[in-house]
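To start, the structure itself, in structure tokens.
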Amino acid sequence: MMPEFRYGPVELMLVGFEGERPGPEVVEAFLDVVDAGTVRLLDLLFVSRGADGTIEILELEDAGEAVGLGDLVLEATGLASAEDIEELASELEPGTSAALLVIELTWSKKLAEKLAAGNGYVVSTDRIPAPVVNEVFAELAAG
Numbered sequence: 320m321m322p323e324f325r326y327g328p329v330e331l332m333l334v335g336f337e338g339e340r341p342g343p344e345v346v347e348a349f350l351d352v353v354d355a356g357t358v359r360l361l362d363l364l365f366v367s368r369g370a371d372g373t374i375e376i377l378e379l380e381d382a383g384e385a386v387g388l389g390d391l392v393l394e395a396t397g398l399a400s401a402e403d404i405e406e407l408a409s410e411l412e413p414g415t416s417a418a419l420l421v422i423e424l425t426w427s428k429k430l431a432e433k434l435a436a437g438n439g440y441v442v443s444t445d446r447i448p449a450p451v452v453n454e455v456f457a458e459l460a461a462g
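Counting with the numbering used here, you get residues 320 to 462 for the letters of the sequence shown.
Structure follows, in structure tokens:
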């Protein structure tokens with residue numbers, strides 16, 4: 320019997336942007352993938368790193384109206400631990416900000432169920448950022 324998972328694999332994605340809050344294009348990008356069902360947004364936090372290195376974290380309910388996400392309903396919160404948030408925020412340059420998205424990869428839920436049914440499991444996964452993939456293929460095509 321195949322197990323039925325409530326959630327598929329989850330990814331923590333730190334999306335940097337200029338200024339203290341994301342612009343409309345960044346917000347639209349978040350909403351587009353959620354509306355399309357490509358991902359399920361479980362949690363969303365805003366992280367700023369001051370010029371002195373201090374880190375400020377705002378929950379969606381505290382910053383959602385200011386960025387145009389006041390009506391966004393999160394599926395689940397609290398999956399990213401304080402340690403996760405601190406570790407990811409440490410990657411920010413002083414004086415920059417980011418959104419931390421906790422997203423369920425809805426497309427891979429069925430894969431995870433089938434792997435579990437066959438006693439299989441994912442050992443490791445790495446993501447290659449789209450700009451890098453495109454640059455490599457452009458270089459290969461150029462010969």
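We put the beta carbon where it would ideally sit given N, CA and C, even for glycine.
Where residue i falls, given that 16 or more other Cβ within 10 Å makes a residue buried
i: Val452; result: exposed
i: Ile447; result: exposed
i: Gly342; result: exposed
i: Asp362; result: buried
Of the residues the options, the one placed nearest residue i, counting alpha carbons only
i: Arg325; options: Val366, Thr425 and Ser416; result: Thr425
i: Arg359; options: Leu350, Val366, Leu459 and Ser409; result: Leu350
i: Ser427; options: Ala385, Ala370 and Tyr440; result: Tyr440
i: Glu402; options: Ala436, Leu331, Glu339 and Gly327; result: Leu331
i: Ala417; options: Val392, Gly397, Leu430 and Val334; result: Val334
i: Val386; options: Met321, Gly437, Ser443 and Phe336; result: Phe336
Endpoints, the beta strand (DSSP E) within which residue i is located
i: Ala435; result: First-last for Ala435: Lys428 to Ala436, but that is the alpha helix (DSSP H), not the beta strand (DSSP E).
i: Ala418; result: Thr415 to Glu423
i: Glu378; result: Ile374 to Glu378
Residue interval of the alpha helix (DSSP H) (run including residue i)
i: Leu407; result: Ala401 to Ala408
i: Asp351; result: Pro343 to Asp354
Inter-residue CB distance, residue i and residue j (contact presumed, cutoff 8 Å)
i: Val329; j: Leu398; result: 6 Å
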